[in-house]
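Asks: Residue numbers for the sequence shown follow this note's numbering, beginning at 49 and rising by one.
Where is the CB? At the ideal position from N, CA and C, for every residue including glycine.
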Amino acid sequence: MPYKALAIVALVVFVLAIVGLPAAVAMIRNHPERRLIYKLTPLTALSFILWGVLLAWAITGIRDDAVMSRLFARARRSRYLPTMIGGLVLVGMVGTALTL
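(1) What first and last residue would you give for the alpha helix (DSSP H) that runs through T89?
(2) Could you check if V61 is buried or exposed, using at least 16 other CB atoms within 10 Å of its CB as the buried criterion?
(3) Check whether the Cβ atoms of I56 and P70 lie closer than 7 Å to each other.
(4) Around the C-beta of T92, are 16 or more other C-beta atoms found within 10 angstroms, so that it is buried, or is it exposed?
(5) Nearest to V63 by alpha carbon, out of A74, W99, K87, G134?
(6) Could you say which of Y128, G135, H79, L102 lies nearest to T89 if we only look at CA atoms?
(7) Measuring only the C-alpha atoms, how far is V166 from V139?
(8) Tell me whether A74 is buried or exposed, calling it buried when 16 or more other Cβ atoms sit within 10 Å of its Cβ.
(9) The alpha helix (DSSP H) with P70 in it runs from where to where?
(10) Given a threshold of 16 other Cβ atoms within 10 Å of its Cβ, counted over all protein chains shown, does R82 qualify as buried or as exposed?
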């Protein structure tokens with residue numbers, strides 16, 4: 049096998065191993081949301097930010113709905129929730145477009 053082909057195969061295997069890391073960590077640690085993390089893992093190929101979030105979620109295993117409730121309650125009171133959601137969607141679309 050030529051060196052270029054071997055390097056390409058090694059790079060593909062390395063990228064797949066890195067992309068699959070959050071799912072592997074969640075499965076090993078028996079995370080309560082491991083199935084959801086496993087299902088979301090293929091999407092991380094499109095967004096490095098999502099990969100980082102999934103990896104942190106898989107490692108911590110903490111689910112703190114109180115923090116999210118306070119964040120969204122504050123956003124609703126300030127009427128910025130639609131703007132925040134639109135901004136997050138826009139950032140995701142730009143990140144996906146840059147990877148294509």
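Replies: Reading from the atomic positions:
(1) Where T89 is concerned, there is no enclosing alpha helix (DSSP H), because DSSP gives it neither an H nor an E.
(2) Residue environment: V61 is assigned as exposed (fewer than 16 neighbouring CB atoms within 10 Å of its CB, all protein chains considered).
(3) Contact flag unset, no.
(4) By the beta-carbon neighbour count (other beta carbons within 10 angstroms, threshold 16), T92 is buried.
(5) Nearest neighbour of V63 by Cα position, chosen from A74, W99, K87, G134, turns out to be W99.
(6) Closest in C-alpha terms to T89, from the list Y128, G135, H79, L102, comes L102.
(7) There is no way to answer for residue 166, as the model of the chain reaches only from 49 to 148.
(8) A74 is classed as buried because its beta carbon has at least 16 other beta carbons within 10 Å across all chains shown.
(9) For P70, the enclosing alpha helix (DSSP H) begins and ends at 69 to 76.
(10) Under this definition R82 is a buried residue.
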